[in-house]
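Colleague: Provided herewith is a single structure, encoded as structure tokens, for subsequent inquiry.
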Amino acid sequence: MEMEALIEMMLKQKKWAVVGATPNTEKFGNKIFKKLKAHGYEVYPVNPMYKEIEGDTCYETLADLPEKVECVNIVVAPERAKRALEDVIALKIENIWFQPGTFTPELIDASETAGLNTVFYNCVLVELDKK
């Protein structure tokens with residue numbers, strides 16, 4: 001599937017997790033979390049450093065979420081993104097969106113080899129603004 005079609009398909013998924021969500025309003029992890037919620041998505045913050053973000057329970061890992069999500073947005077450095085990718089594969093989540101700067105060619109290869117729908121280079125904030 002080409003990137004535009006992947007983006008369109010992922011944005012139709014309504015249950016998301018943001019790995020790297022943060023209460024720091026200056027950071028993308030916060031901006032993405034809030035923007036997805038503002039657009040009507042059900043969003044789970046994932047970050048072991050926080051118990052709560054914007055009034056929502058924050059989860060240590062994807063495995064700790066109360067339900068399976070349809071898409072995982074990655075907003076952490078590639079070293080931490082590798083762990084999140086392993087969790088996505090183990091939990092059989094089909095869609096992963098790597099924000100710019102969160103991936104290496106090896107991570108994208110591993111994601112695509114695992115059969116995941118993989119978006120990278122594109123920013124979810126920019127794509128949501130197009131809606």
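Take the sequence shown: its letter number 45 is residue 45 in UniProt numbering, and every next letter is one higher. Note that beta-carbon positions come from the ideal geometry of N, C-alpha and C, so glycine has one too.
1) DSSP on Thr113, reduced to helix/strand/coil?
2) Provide the residue span of the alpha helix (DSSP H) that contains Lys31, from first to last.
3) What separation, rounded to the nearest whole angstrom, lies between the Cα atoms of Pro78 and Lys92?
4) Taking the Cβ atom as the reference point for each residue, do Val69 and Gln99 lie within a distance shorter than 8 Å?
5) Can you tell me whether Thr102 is buried or exposed? The criterion is at least 16 other CB atoms within 10 Å of its CB, across all chains shown.
6) Is it the case that the Cβ atoms of Tyr41 and Lys14 are separated by a distance below 8 Å?
7) For His39, which residues from the same chain have a beta carbon less than 8 Å from its beta carbon, with the 5 sequence-adjacent residues on both sides left out?
Modeller: According to the structure data:
1) helix
2) Phe28 to Ala38
3) 20 Å
4) no
5) buried
6) yes
7) Leu128 and Lys131
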